[in-house]
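Chemist: Sharing a structure here in C-alpha cells format.
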Amino acid sequence: MTKTTPQTAPEGDLTLQTVAFPKDTNSGGDIFGGWVISQMDIAAGTTAQQRAKGRVATVAIEAMRFHAPILVGDLVSVYTQVVKTGRTSLTMHVETWVRRQRTAELELVTEGDFTFVAIQDSGVKRPLPPPN
C-alpha cells in the first residue's frame with residue numbers, strides 16, 4: 001500500500017498488543033526488528049486462521065517498512081486488514097503502532113504485507129472457505 005500523506009490513525013483491526021521490554025533490544029538499545037516482524041506475523045497469522053477457518057502458513061512478507069524505532073516501554077499495537085484473497089491464499093496489510101511511554105504520542109512505526117496460504121493438517125494447500 002502506498003501512502004502519500006502521513007497516517008494519523010491505524011487502519012485495520014487491533015489484533016495484538018504488548019509492551020516492549022529490555023530483553024527485546026538490539027545492540028543500539030532499540031527494539032530488535034526481528035522481534036517486531038515476529039509480533040506482526042503472530043497477529044497476521046491469527047487473522048489469517050480466523051478467515052481460513054483452520055491452519056495457515058506464512059508464504060511471503062513483502063514491502064516491510066520501518067518508519068521509526070520502538071523504544072523500551074512503548075505499548076506496541078498490531079493492526080491487520082485483509083486486502084486480497086485468492087483460491088488458497090490471502091494477503092493482509094499489517095501496521096505496527098506504538099503509544100510512547102514517555103509522551104503518550106501515537107506513532108506508526110512499521111508496516112508490511114503478509115501473505116498466507118490455507119493448509120490441511122498434512123501441510124497440503126486447501127481452498128479458502130467462503131467468507132461469512
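FYI, the working numbering numbers position 123 of the sequence shown as 123, with every residue one higher than the one before it.
The beta-carbon is built from N, C-alpha and C at its ideal position, and this holds for glycine as well.
Predicted model, so just to flag it, every value in this text is computed and none were measured.
1) Indicate the three-state DSSP secondary structure (helix, strand or coil) for arginine 65 in the structure shown.
2) Rounded to whole angstroms, what's the CA-CA distance from threonine 47 to threonine 96? Just pull it up for me.
3) Note down the Cα distance separating serine 77 from glycine 123, rounded to an integer number of angstroms.
4) Which residue spans inside the segment 48 to 103 form an unbroken beta strand (DSSP E) run of at least 3?
5) If you draw a straight line from the C-alpha of glycine 34 to the C-alpha of asparagine 132, how long is it?
6) When we look at the beta-carbon of threonine 15 and count the other beta-carbons within 10 Å, is it buried (16 or more) or exposed?
7) Which residue from Gln39, Ala44 and Arg65 puts its Cα closest to that of arginine 55?
Modeler: For this structure:
1) Numbered from 1 along the sequence shown, position 65 holds the residue referred to as residue 65. In the structure shown, arginine 65 sits in a strand (DSSP, three-state: E or B).
2) Within the sequence shown, residue 47 is the residue found at index 47, counting from 1. Within the sequence shown, residue 96 is the residue found at index 96, counting from 1. Spanning the two alpha carbons is a distance of roughly 15 Å.
3) Stepping through the sequence shown from its first residue, residue 77 is reached at position 77. Stepping through the sequence shown from its first residue, residue 123 is reached at position 123. If you take the alpha carbons of serine 77 and glycine 123, they lie about 30 Å apart.
4) 56 to 66, 75 to 85 and 89 to 99
5) Start at 1 with the first residue of the sequence shown, and residue 34 comes out as number 34. Start at 1 with the first residue of the sequence shown, and residue 132 comes out as number 132. So the alpha carbons of these two residues sit roughly 34 Å apart.
6) What you label residue 15 is simply residue 15 of the sequence shown in a count that begins at 1. Buried, by the Cβ-count rule.
7) Reading the sequence shown from its first residue, position 55 is the one you call residue 55. That would be Ala44, whose Cα lies nearest to the Cα of arginine 55.
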